[in-house]
Amino acid sequence: MERFKKIFAAGVIFVTVLSMSVVVAPQAGAVASAGDLIKMAGLSSVYYLAADGKRYVFPNESTYFSWYGDFSGVVTIPQAELESYPLGKNVTVRPGTKLVKITTNPKVYAVTTGGTLVAVPDEATAATLYGANWNKRIIDVPDAFFTNYITSSATVSASAYPQGSLVKFGASADTYFINADGTASKIATEAAFTANRFKWADVITATIAKPTTGSDIAGAVATLTDTASGAGGTIGAGTGLTVALASDTAAASTIPAGSPTTFLKINLTAANDGAVSVNAIKLKTFELGTATYVDSVTFYDNGVKVGTAKNINSDKEATFNFSTPIVVAAGTTKSLVVKATIVAGQTSGNFALGIAAASDITTNGAAVSGSFPVRGNVQAVTSSTIGTVTMANVGTSDTSNDFGEDNVLLAKFDLTAANEAVIFSGFAMKNGGTNTAGIVGNMRVVIDGDEVVKGGELVDKIVTFSFNKVIIKNDTITVEVYGDIGIGNTTNTIDLYFYEAGDLYFTGQDYGYGIEVGSTGFGGLDAVSDGIVVTLTAGDVTIDMDKTATPSKDVRPGDNSVVLATVKVLSAGENATITALGAGADSFYITGTNPSCTKLDNAVLKDTVTGASYDLTIASSTTASYCKLTNSDEISLVKGVTKTYQVKVDVAGSNDTNPAVDSDTLQVVLKSTGFTISGDDSDASLQSSITPTSVSGSIATVKTASLTWQTTALTAKTIVPSAKDVVVYAASLEAGASSAVTLTQVKIHSTSTVASAFSDTNISQLRLYVDNKLVKTVAGGIVEPASGTAGYINFTSLDTTNRVIPAGKTVTLEVKADFASTFSPSGVIGLTADGVAASIVAQDKDSNAVAESVKNAATLSRTVTLASAGTLKVELTTTDLKSNNNTIVLAGSKITSGDKYLGKLTFTTANEPIKVKTLVLGQQGTARADDIASVELYDKNEVLVASKGVSTLGDANFSDLNLVLSADNVHEYFIGITARGINVLDDPSATADDAETIIYTLASSTQLTQLGLLADDAVTAVGVDLGDDITCVEDTNGTVAAGDYAEWGIATSTTATIHGSILTSITNPMSDTTLTNGTDQIIGKYKFIFNNGSNRNSDNTELKARLVTLGLSLATSTGVLITNVQAYFEGDISNKTAVASMADNSAVATSTFSALSGTTEDVDGEVTIVIEGDISGAETSDFVQTKIADLTYRFVYNGNNGTGTDVSNVLLNISEVQGAKRSN
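For reference, each letter of the sequence shown is one residue, going -24 to -1, 1 to 1200 in mature numbering (1 follows the signal peptide of the UniProt record, and there is no 0).
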């Protein structure tokens, strides 16, 4: 093999670990789990937490990116937690991704399992296996880290790929993983590819023959994704996953068709013994709306779309397979939101989405449990006008752009809003071009010339932008997406498009409904190559400023080793040597506002991989705003290998002669003319072949440490003695980006303009919290107001850990109070920050004083009124969608989720939390204890909270309810019942009678007396804070106020009627067909489904429903005549009803079933009624169609084998059933 020339420039090698100083990692709220990527605030090192509880460090960026595509998964944990994990080994390069060598030896190795190195014997072998550009796969491992690897005595064969390689053979699109035994395992799906964190950039297209195949890889394999390469053990999966409906799932409501709507929110909770991966979820539709009208069903995790949207199929379901599994960390809960769109044009129908059974969730082995079905509330479609958004003028002009070129147009389109103003909250686009990490970065959105968001990056081919832009009604905006090109390969492409319409996020400003972009115009940007395709080009040498690695930021005077820019250099044609930088006039310099070269010192150019540093000389330029940078060291470039350097400087501080000051800016500029560079083979200058001609870094702004304080306005609150944990003051605190801020004193004042009860006699304890962490507790330290002077509480000696606000972070500060058992004096408390410098004292990370700024000094945070006791109001209403209609209850069953409850009880609390001790509901219907088994209360999420048996007369006394309700809130509960069965076999409690009615009120004084209770005691309650009984008596004037409950004679529930057999569904099973004249023509079919549970007659025979009459509306063309209408049960054509009576000018035919022979009209389960008649007069373009037009009386049945009261209003969630149409 030809020896690489000038591999390593002279200099000192510094051993470093992967720096994440420019990455903002999410803060972990709980102990990290095995498999997490972790770091500590203020420390740049990134670790992998393995199953053995040790942290394994990434020695450099190259190693990290062999395992991961970006830093999005890194979480920041507290220092104490990080220190609790002992250090393990260094992470080694992932097998199959890169070839490696050390900086001082040209021998090249393949990496296999456990960090074992297998030598590539010669260039011919490398070219055979990896192609002509094989050397682009090589990364350097610093000598200091080479001991992490084990060197094998074996060598790589030209006829077999090393273990861990990802290979495509021949023209096949299949990708194979090479196993340790040399066999090739096919990666079965893209989901399996993604689940194992493989990257397409690592796939090799082979010219050698495919080896023997092994078993397919169909999912995530723990040993393949183990970043510790087996050193830390294998991460175990959790044993259980609990699924539940979220308490804040979407409430039942009316929605327009064509609007993306939230249908469901579920909580997934993993067992404490391990994380759980959710690989697939099957959703099902509920209610009677046509399932196939439910489109664009999409899962969202914390606002981010998960997987792709699906339409519900004719089986009323859709299965979502997640290529990247949804991971629920051990002992935590993850919430998923489901949105869907009802097909535009629909004007009616009830829809709900949910998970029918535990088996509909696929995990990595964890058992799934929960109360199934887990389903959302009913969303009823209504005819409504909503906004529209139309896309047009999609940019389609392809471009060719150099590596490193900034501000390149990637996409362009117009959006027009109609009907209402529209809130445009963001969008996501997919790259249909080359999937290479770093191919483009710092993407930003410009709307009508104004930048609205920046810093977007591709993650798994997707870039997501979030912002808030209002599109005025009938206005058109122009949206442009720009990005900075990175360094890839020549002919790589960037091709942004929308994968689906739901990837643009709109909400109507007037009507508040979600809006989906119209299909017209959207089709111009919904596929690969529809929009702008950017093709990467390059000269022999390319340069780039990586603004993702070093974004715009704030720095402090006195900061040392500040990274101002990250420079990337690639020689594509040959090995090359840089002998000087900055030799040309104004070719390598730092510019900015208020520049002075004496404010900068110790400038260096540092190799991020080797740690080698090259001194940069700083000198004044003839251009006033430039500080020249020069270097004359030799720097070697290897053909095809991107070298990455950081430009670092020290910024002068207050103790220096010429310190940097607020608002100074610093920006590095590097031009092609700044290079003195020649090819090692050609010995020719390559300066003229450098592209682009100039690159600029991000802007660093000098900022002294700062703290911005803004009092938060809270809703007024009334409390009673002994109230606990009451927030009496809140503020948001923002630390400047240049330094963490440490609070040393916080003084909060009571306003002198409000009658103050801010005193130690009223407040037993005050607690100060920062970012939800306790900082200080004070008892007896209030300085009371005097002579018009505001009182205050001064918090000092604050907790040394919790008082620190990280740089650039905004946190919430709260003061919480516990109140005394009595108030003296009573009155009002109002607290504020006065803005005086001495009231808030803070320091920066070097213990220097921080300039504090209070934006809204003297603004009251909250008015807290001290009252004597809490109040309670109890109402009974039937206007809620869940309880706004009468219902039919099957004997032996209960009203539960999805049914209509009898009524809604609304408890309104004020001043303090209240415990409802007892609740008595009085029965006003005909049912008694032999009909009613129990009465239930359900919360607003339809979770059972209480159940009680009834008295002889059917009254329900919840004598031990003890329902605790939070203060100053409205609490809703629904009334359900469980009916006894009718003559159920071997059930002596099945004593119900058919057609008995149930109507509940808050118990009357008569009913209370019959139960041995006092009048006005239908509701009894006690204040939680004060412990005193709460006054709540029956309303007497028809207006329920605080201290009242609804009068029984005015506020009643709906009526539930018990029947032994009930109708549950009516549908049309007949397809449209051709119309012909003739006798006995089938003109309609209707399928009825009845349920009789286990109910029986007194003679122990099955209790059935008896059909009585069916009235059908007949619609025909003019001239078509229908006569002799009869009905029969499908399969029993010989037993027909008498000719139907005709009414309403022969437009309604009513069939009577009592004329059928025997007891044919007694049915259970499913029965289809066929309607026939004689048709005459039908000609071309004529039609005949039947309809059950009004289900409140057109179909009559008896739920008790014909005994007792008939059912004329079937009380289904539909009002009519349209039959099939016969036409010609």
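Positions of the beta carbon are idealized from the N, C-alpha and C atoms, including for glycine.
Start-to-end residues for the beta strand (DSSP E) that takes in residue i
| i | result |
| --- | --- |
| residue 984 | Note, residue 984: premise wrong, no beta strand (DSSP E); alpha helix (DSSP H) at 981 to 986. |
| residue 1142 | 1141 to 1152 |
| residue 518 | 517 to 521 |
| residue 373 | Taken as a continuous stretch (DSSP letters only), residue 373 belongs to no beta strand (DSSP E), as it is neither H nor E. |
| residue 301 | 293 to 304 |
Backbone CA spacing between residue i and residue j [nearest angstrom]
| i | j | result |
| --- | --- | --- |
| residue 960 | residue 863 | 22 Å |
| residue 1033 | residue 242 | 33 Å |
| residue 1068 | residue 1086 | 20 Å |
| residue 287 | residue 948 | 34 Å |
| residue 687 | residue 53 | 29 Å |
| residue 599 | residue 562 | 8 Å |
| residue 389 | residue 512 | 22 Å |
| residue 153 | residue 820 | 52 Å |
| residue 263 | residue 182 | 54 Å |
| residue 487 | residue 399 | 11 Å |
| residue 775 | residue 529 | 29 Å |
| residue 88 | residue 555 | 37 Å |
| residue 984 | residue 861 | 27 Å |
| residue 303 | residue 876 | 37 Å |
| residue 318 | residue 236 | 8 Å |
| residue 147 | residue 186 | 12 Å |
| residue 231 | residue 329 | 14 Å |
| residue 724 | residue 806 | 10 Å |
| residue 195 | residue 172 | 7 Å |
| residue 33 | residue 465 | 30 Å |
8 Å Cβ shell around residue i - same chain, five flanking residues per side excluded
| i | result |
| --- | --- |
| residue 930 | 899, 901, 903, 904, 905, 907, 908 and 974 |
| residue 827 | 680, 681, 682 and 683 |
| residue 160 | 143, 145, 152, 153, 154, 186, 187, 188, 189 and 190 |
| residue 364 | 393, 394, 395, 491 and 494 |
| residue 1152 | 1053, 1096, 1097 and 1099 |
Cβ separation of residue i and residue j, assumed to be a contact under 8 Å, to the nearest whole Å
| i | j | result |
| --- | --- | --- |
| residue 549 | residue 650 | Actually they are not in contact, since the Cβ atoms of residue 549 and residue 650 sit about 20 Å apart, beyond 8 Å. |
| residue 1163 | residue 228 | Actually they do not touch by this definition, with Cβ atoms about 28 Å apart. |
| residue 1127 | residue 1161 | That belief does not hold up - the Cβ atoms of residue 1127 and residue 1161 are roughly 17 Å apart, past 8 Å. |
| residue 696 | residue 792 | So it is not a contact: roughly 16 Å between Cβ atoms. |
Spatial neighbours of residue i in its chain, beta-carbon cut-off 7 Å, leaving aside the 5 residues before and after
| i | result |
| --- | --- |
| residue 1175 | 970, 1035, 1036, 1037, 1038, 1081 and 1183 |
| residue 257 | 296, 331, 336 and 337 |
| residue 1016 | 849, 851 and 1022 |
Extent of the continuous alpha helix (DSSP H) to which residue i belongs
| i | result |
| --- | --- |
| residue 497 | 495 to 498 |
| residue 58 | 55 to 60 |
| residue 169 | 166 to 171 |
| residue 106 | 99 to 106 |
| residue 41 | 37 to 43 |
Chain-order list of residues whose beta-carbon lies under 6 Å from that of residue i (same chain, five-residue window excluded)
| i | result |
| --- | --- |
| residue 884 | 849 and 946 |
| residue 74 | 42, 113 and 115 |
| residue 594 | 573, 576, 579 and 603 |
| residue 404 | 438, 440 and 479 |
| residue 176 | 411 |
| residue 1178 | 1082 |
| residue 469 | 409, 410, 509 and 511 |
Residue i Cβ short of 8 Å to the ligand MG heavy atom set
| i | result |
| --- | --- |
| residue 8 | What this structure holds is no ligand at all, so the ligand MG is not there to describe. |
Q: At 3 residues or longer, and completely inside the stretch 686 to 773: list those beta strand (DSSP E) runs for me, N to C.
A: Within the stretch 686 to 773, the complete beta strand (DSSP E) segments at least 3 residues long are 693 to 695, 702 to 711, 717 to 726, 739 to 746, 749 to 754 and 768 to 772, listed from N- to C-terminus.
Q | Minimum length 3: unbroken beta strand (DSSP E) runs contained in the stretch 648 to 680 | A | Listed in chain order, the complete beta strand (DSSP E) runs (minimum 3 residues) inside the stretch 648 to 680 are 651 to 655, 670 to 672 and 676 to 678.
Q: Mind listing, in chain order, the continuous beta strand (DSSP E) runs of no fewer than 3 residues lying wholly within the stretch 1005 to 1060?
A: Listed in chain order, they are 1032 to 1035 and 1038 to 1043.
Q: Any chance you could list the alpha helix (DSSP H) runs of at least 4 consecutive residues sitting entirely within the stretch 149 to 206, in chain order?
A: Look at the stretch 149 to 206 and you find these whole runs of alpha helix (DSSP H), each 4 residues long or longer: 166 to 171.
Q: Tell me the start and end of each unbroken beta strand (DSSP E) in the stretch 799 to 836 that is at least 3 residues and wholly inside, in chain order.
A: Runs of the beta strand (DSSP E) inside the stretch 799 to 836: 804 to 808, 816 to 819 and 827 to 830.
Q) Hey, which unbroken runs of the beta strand (DSSP E) at 3 residues or more fall wholly within the stretch 893 to 938? A) Segments of the beta strand (DSSP E) lying fully in the stretch 893 to 938: 908 to 915, 920 to 924 and 932 to 934.
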